[in-house]
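The block underneath contains the structure these notes are about, expressed in C-alpha cells.
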Amino acid sequence: MEWDWAIDGWILFVGTLSACSCALLGNYLVLRRLSLMGDAISHAVLPGLAIAFLITSSRAAWPMFAGAVIVGVITALLTQVITRYGKVEHGAAMGVVFSILFAIGLVLIRQVADHVDLDPGCVLYGNIVQIALDAQFEDVPPAARNLACVFVLNILFVGLFYKELKISSFDPDLATTLGINATLMHYALMVMVAVTTVANFESVGSILVIAMLIVPAATAHLLTDRLGVMILLSQLIACFSAVTGHLLACYGPGWVGVDAVANTSAMMAVVVGFVLFVAIFLAPEQGLLAKWYHRMKLSSRIVRQDVLGLLYRWEEMNGESGRSMRRDEVLTVVGGGSLPTRALRKLLRQNEIVRMMDGRDVVYRLTDSGKLAASQLVGAHRLWESYLAKHFHLASDHLHEPANRMEHYITPELREELREQLTDPKHDPHGKSIPSEPM
Amino acid sequence: MSGRFAGSKIEARNDDHDAESPLSIHDMTVAYHRKPVLWDIDFTATGGRLIGVVGPNGAGKSTLIKACLDLVPRASGSVRFYGKSYRQQRGIVGYVPQRESVDWDFPASALDVVTMGRYGRIPWCLPPRKRDKYAALECLDQVGMADYAHRQISKLSGGQQQRVFLARALAQDAQIYFMDEPFAGVDAATEAAIVVLLRALSAKNRTVLVVHHDLQTVPDYFDDVVLLNMRIVAAGPTEKVFTAENLHKTYGGRLTLLDKAAQAVAGAGAR
Amino acid sequence: MVNRRANRLRMVWAAVWVALLGCTPIADAADGHRVGFSSVIASGVPVSGMLASGGITDNSVSFPSWDKIFRALTLRDYNTRIVVIGATLLGAAAGVIGTFAYLRKRAMLGDALSHATLPGIAIAFMVVGHKNLGWLLFGAAVSGTLGVLAVIGMRRVSRIREDAAIGIVLSVFFGIGMVLFSIIQQMNTGGESGLQSFIYGKAAAMLHRDAMLIGGTAFAVIACCAVMFKEFRLVCFDQTFASSMGRPVFWIDVLMMGLVVLTTVTGLQAVGLIMIVALLIIPAAAARFWTDSLLLMTVIAGGIGAFSGWMGSVLSALLPRLPTGAIIVISTGVVFAFSMIFSPHRGVLAGVYRRWSLSHRVAHQNLLRALAECEEDLAAEVAIPIADVHAKRFWSRRHLDRLIARGSRLGLVSQIGPNTLKLTETGRRESRRILRNHRLWELYLIRYADIAPSHVDRDADEIEHVLAGDVVEELERELEQESTIPPSPHKADESRSKGVPA
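Residue numbers (the numbering used here), protein chains in the order written: chain A, 477 to 915; chain B, 831 to 1101; chain C, 68 to 569.
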C-alpha cells in the first residue's frame, strides 16, 4: 500500500493519542487490581451509547460522553452493590454486570441499526481508517479532536490528582482517614475510564481499548518500581505500539506474501502484547532471564562456599600438616556436574584455594584469604547451630541441615548479633570450636 | 451507681461523652451478619497513655479499631474523640493498619509511603512540598530507617515495612493512634524500636491504642490494658487490671499460655 | 417533528423495558395486527397515532399472533424446535460446569478463554480454506486453551496479577484474531461471511448438526460433572486437602477447565464469544443465592441456564429483531437480579431486614435487661424511675422514649407517669428470661472463654439450644452459688464509665 501522509499521518496521530490516553489511566487500574473493571466498562458503555443515539439520533459527542459517564458509574456501582450485598466475588460480579449491560446494548443497537450508522462490529474493533478519511472533508476529523480533548483531560486528571490517586490506590483506608475520599477517587477514575473508552470507540474499539488500558501499564510495572517512571514508560510503550502497529498493519502482510492490509488497531494490540511478552523475559529485575541469572549466581556462590567449608573442615580435622583433600573427594561430596567444577575454577582464580599435585592426584588447599572466608562461613554455620539448639531444643542430629541452608545467608551483622545473644560461644553443640571473628 | 445520682445528671447525659477524653466508646455493638462480634463496649481512654488491647483470637480486637474509625458499621452505640464524632475529628486520628492490608508491590519508595501520612494537610491537587518531604524523612529517621528512604517497599523486610508504617503514622502527627498488631511478625530490633517510639509518643501526650497478642510483654509495654473477649472483661491501669483472674476470664482457664502470663504478671509486680 | 421525537423516546423506553424484563409484550393485539411495539408498552398512546406518525414504524417489532406464540411454545416449527432445544441444552451445560468454575474462582478466566478462541477460528479458516465447523471449533479450542495457559503462566512467572493477566490475554488474543480476520476479508475467498457470528452469536441460524453438537456436548459435560461430582467438590472447596488425600488435583483441574473449554467452544456460535461468559457465571452466581448445598446449586444453576436458553430462544423466535444470544443473557440477568433481591437467606432485602431487625432487637433487649436489672436493684416489682433506666445505659432521652414506646406497644412495659414506668407481667417474665440467659452466657464465656463459640448471640440464642444440658445445669448452679451475681459488664458502673484513672 502506498504511504500517504494525509491519511497515514492521521492514523498515526489518532492511534498514538488513543493508546496514550488509555495507558495513562491503565496504570491505576493495574495497580488497584481493577484491570477487569476496564474490561467491564468498555463493554458496558454500549447501552449508554445506544441510548444516546436513540435519543438524539446523531453521533454528536456530548450525548455520547454523557451516556458513557452514566453507564461507567452504573457499572462501578452495580459491581460494588453485587459484591457487597450479594457476596459475589469481585471478578464474577463484574462479569455479571458487563455481560448483561452488553447484551442490553446489543438489543438496543439492533433496534436502531437501520437509523443510526452504528455497526456493532465497529464497536469492537473500531475504524481508524475511516477517521483518517474524514480528514479529507474537514481539517481535523471530529474523532481526532475528541480524542485530543480526552487525552488532555486525562493528563490533567492524573497530573492534578497525582497524590490523591496514589494514596487511594495504595491504601484506601488511610486515604479515607486522612480525608481523601477513596470512594470518590474510585468513581472519578471509573468515569474517566468510561469517557476515554467512548472517545476511543471509533478509533480502536472496545476490546482493543482493554489492551491499551492494561498491557502498557502491566509492562511498565515489570520494568520499574517508581510510579512516575511507570506512567512515563507506559506512555512510551503505548506510543511505540501505536506507530509500530500501524506500520506492521500496512506492510506486515506484504512481508509474509499476503496482499492485504491488516486492521491497524488490532495490530496495535498485537504489538503491545508482544512488548509485554518480551518484557516478561527481559525485564531488568522482574524478567525471567534476570531471575534465572540471579538464581544461577546464587547457586554457584553456594557451591563455592560449600567447597570452602568442606576444605576448612577437612583441614581442621586432619591438621595443617595432614593430607590435602583430593579433587575426586571434593567432587564426591559437593556433587558432580559443571557447577562444582566451575566453582573450583573460580576459587582458584580468586586465589582462595591453591591447586597442588600430591603424587598423581590433584589436591586443593585453602590460601590465607580462603581460610578467612571459610572460617566466617563455618563460624556462621556453627553459630546458627548453637542458636537453634538453644532456642528450639532440637536434637543435635537435626541441627546440621537447617544450618547448612542458613549459613549462606548469614551476614556479618547477623553473625555479630548471634554471637552477642549466645554470649560469644566458643563451641557449637557438637563440641566443635567456633572460629572467632578476625579483627 | 445510684439512681438519684444519675437522675441529677439526666440532662447532661444526653449524649454523655467525656469531652476531655481522646476516645470514649459507649454501648457499642458490632455484628457481622447476624452474629455480634463485639458486645456493649463501654470504654473511656485517658489521654497520653499507651493502651494495649489484648484478648484471644476472634475476640474482636481489630474489629474494635475498625468500628471506631467507621470502617465497619456499628449495630448500636457511639464513638467520640474529644467529645466529637470521627468525621469532625478525622485530622487528629491516626491509623496503622495490619501490614498485610496493603499491596507491597506498589511502585513506591519508603519515603513515598511516609509522605502519604502528610497528605491530609496538603490541599487537594497540590503536590507534597519540600517541607513535607523533610518531615517525612525526619519521621523515617526516628524509626531508624533513614538509610532506606529510597528503597522500593517490597524490598524491605517485614520489620522494616512495619517501621515504615509507623513512620507514616508519625508523619500524620495525630493526637490518638490506633495500631493493629504492629508487633506481628517483626524481629526483636524492630520490636524494641517500636516500643521506644510508643514511649516517645506517649511522652508527647499522644494516646496510643495498640492491638497486641503477646501477653508476656503487656506489663512492660503498656500503661493501660483492655482485656477483650467479645465484651470488655476489664479495662484500666495495667498493674490493677492485668491480673491472673482477669486473664482467666478473658482467655478461659485451660490455656497453658496463662502460666507464662502469670509469671510475667508476677515479674511485673516484683519490679 | 415533536411527535416523532416523543415517539422515539417512547421507543427507547420500550426497548429498555424489553431489555430489562425480557418480557413478552402485553397482548392486546389478539387480532394479529402489526402494532407499534412501543405503543403496547407505553400504554395510552393511540395505536393509530403511532402508525400515522410514520418514520419509525419500521422500527416496530411485529407483534406475534397467538397462533405464532402457540406454535413457538409447542415447538411446532422445525427451526424453532432446533434453536430452542439447542439453546436450552447449552444453558443447562454452561450452568452446571459454570458452577464449578465459579466456585473455583475461575469465572473471569472463562472470559479470557472465550476471547482467546478468535485467533484459532481465524487460523483454522485460513488453513482449511472454507467454513468447516469441526476444524473451526478445533482451532477455537486450541487457541482458547493457549489463552488459559497464558493467563496461568503469566501469574506464575511474573508479578502480573490474575486480573491484569486476564485482561491482557483477552485483548491481545482478540487483537491477533482481528488482524487475521481483516486479512481474511481481503483475501476474498468468499466463504468468510458468517465468521462474525462467532463474535456476537447467531442462535437463530442454528442448524440441525449444531443442535446435535450442543446436545452431545451438554450430555458429556453433565455426565462428567455427575461422575466427578465428589472430586470437583473437593477441589473447589479445599485444594490442599484434596491433594493431601492423594487426589490428582492437577488433572481434576485440567478436566474441569477442559469441560469449560468444551462448553465455551460449542456455545460460541449461539451466544458469541463476548457473552458466553455470562452463561458460565450468571446462573451459578444466581443459584448461590438459593442454596448452600453444592449439589442443589449445580442443579439450580443448570435449571436457570436451561430456562434462560429456552426463554431467549422462544422470545427471539417470536420477535425476530431481537438477537437471541443477547436475550438469553438478559434472561439470566433477570433471574440473577430476582435472586439477589429476593433470596430469603442471602438476598438484599433479607439482609436489609436483618440489619434493621438486629439493631432493633439489640436495643429492645437492652431495654428489657436494663429494666430487669433496675428491678433487681430496687429489690421489688415496683415502678421504676426512668432516670434509673437511663443510668444503666448511654441512651439519649429521645432514644429511650422511642424504646419505651415500642415496649409498651408490645405490651411489655407501661409508662405510668411522666418519669416512671413499670414492667407488665409478660414484660417481667421476658426481661428476666433475657437477663438470666445473658448472665448464663456471660458466665459461660468466663468459664470456657477458650472454647466458647466465639460468635454466639447472647441475647437471641437460648443457651439451652446451643449448649449441652449438663453444661447449662453446671452454669446455673454456679450462677446461684455466686453470692453476688456477677456484675453485668454493661452496667455503666463507676469504674468503667469513668474509664481509666490516670
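Backbone N, C-alpha and C fix where the C-beta goes; we use that ideal spot for every residue, glycine too.
Item                                                                                                                                                          : Value
Measuring only between beta-carbons, confirm whether B:Y949 sits less than 8 Å from chain A.                                                                  : yes
Determine, using beta carbons only, whether B:L1000 comes closer than 8 Å to chain A.                                                                         : no
I need the straight-line Cα distance from B:G882 to B:T1047, nearest angstrom please.                                                                         : 10 Å
Find out if the Cβ-Cβ distance for the pair C:V224, C:M324 is shorter than 8 Å.                                                                               : no
Select from C:G242, C:L329, C:A278 the residue whose C-alpha is nearest the C-alpha of C:N146.                                                                : C:A278
Do B:P937 and A:H697 have their CB atoms nearer than 8 Å?                                                                                                     : yes
Do you know offhand how far A:V583's Cα is from A:R509's?                                                                                                     : 31 Å
The alpha helix (DSSP H) with A:L530 in it runs from where to where?                                                                                          : 511-532
Roughly how many whole angstroms lie between the Cα atoms of C:T493 and C:S463?                                                                               : 26 Å
Three Cβ pairs or more, each shorter than 8 Å: is that satisfied between the segment 981-1000 of chain B and the segment 941-959 of chain B?                  : yes
Could you spell out the range, first to last residue, of the beta strand (DSSP E) harbouring B:Y925?                                                          : 923-926
At a CB-CB cut-off below 8 Å, which residues of chain B make contact with A:G846?                                                                             : Those do not exist, as A:G846 stays about 31 Å from chain B at its closest Cβ, beyond 8 Å.
Should C:S521 be flagged as near chain B, meaning a C-beta pair shorter than 8 Å?                                                                             : With a pLDDT of 46 at C:S521, under the threshold of 50, the modelled position of that residue is not reliable, and the figure given next carries that caveat. Yes, C:S521 counts as interfacial toward chain B.
In or out: A:W790 buried (at least 16 other Cβ within 10 Å) or exposed?                                                                                       : buried
Just tell me which of B:K914, B:V932, B:S1032, B:G988 has its CA closest to the CA of B:L880.                                                                 : B:S1032
Is A:M744 near A:S776, with beta carbons less than 8 Å apart?                                                                                                 : no
Rounded to the nearest angstrom, how far is the Cβ of C:Y511 from that of C:A351, given a contact under 8 Å?                                                  : Between C:A351 and C:Y511 the Cβ distance is about 40 Å, and since that is not below 8 Å, they are no contact.
Tell me the DSSP secondary structure of A:R831 in three-state form.                                                                                           : strand
Looking at the structure shown, is C:F405 part of a helix, part of a strand, or coil, going by DSSP?                                                          : helix
Strictly by DSSP, which residues pair up with A:D837?                                                                                                         : A:D834
Between C:L356 and chain B, is any beta-carbon pair separated by less than 8 Å?                                                                               : Position check: residue 356 of chain C holds Phe in this sequence, whereas Leu was assumed. Chain B contact via Cβ: absent.
Candidates C:I343, C:A272, C:A472, C:W133: which alpha carbon is nearest C:I397's?                                                                            : C:I343
Does the contact criterion of 3 or more C-beta pairs under 8 Å hold for the segment 328-336 of chain C versus the segment 358-374 of chain C?                 : no
With a threshold of 8 Å between beta-carbons, can C:P556 be considered close to chain B, or not?                                                              : Note that C:P556 scores 44 on pLDDT, short of 50, meaning its location in the model is unreliable; the coordinates nonetheless yield the value given after this. True, the Cβ-Cβ gap to chain B drops below 8 Å.
Where do the ends of the beta strand (DSSP E) carrying C:D488 lie?                                                                                            : The residue you asked about is not Asp; residue 488 of chain C is Leu in the sequence shown. 487-490 is the extent of the beta strand (DSSP E) around C:L488.
Assign C:Q482 to one of three DSSP states: helix, strand, or coil.                                                                                            : strand
Check the Cβ-Cβ distances between B:Y925 and every residue of chain A, and say whether any is below 8 Å.                                                      : yes
State buried or exposed for C:F265, treating a residue as buried only when at least 16 other CB atoms are found within 10 Å of its CB.                        : buried
Between which residues of its own chain and B:A976 is the CB-CB distance below 8 Å, once the five residues before and five after are set aside?               : L967, L970
Rounded to whole angstroms, what's the CA-CA distance from B:K1034 to B:G877? Just pull it up for me.                                                         : 10 Å
Can you grab the Cα-Cα spacing for the pair C:T330 / C:F286, in whole Å?                                                                                      : 11 Å
Any heavy atom of the ligand HEM closer than 7 Å to the CB of C:R465?                                                                                         : As far as ligands go, the structure on display features none, and thus does not contain the ligand HEM.
Near C:T487, which residues of its chain fall below 8 Å by C-beta distance, leaving aside the five closest residues on each side in sequence?                 : A450, I451, P452, I453
Between B:A979 and B:A940, which are expected to be in contact by the criterion C-beta below 8 Å, what is the C-beta distance as a whole number of angstroms? : 6 Å
Less than 8 Å between the beta carbons of C:H457 and C:L467, yes or no?                                                                                       : yes
Which same chain residues end up closer than 6 Å to A:G581 when comparing Cβ atoms and leaving out the 5 residues on each side of it in sequence?             : L522, P523, A526
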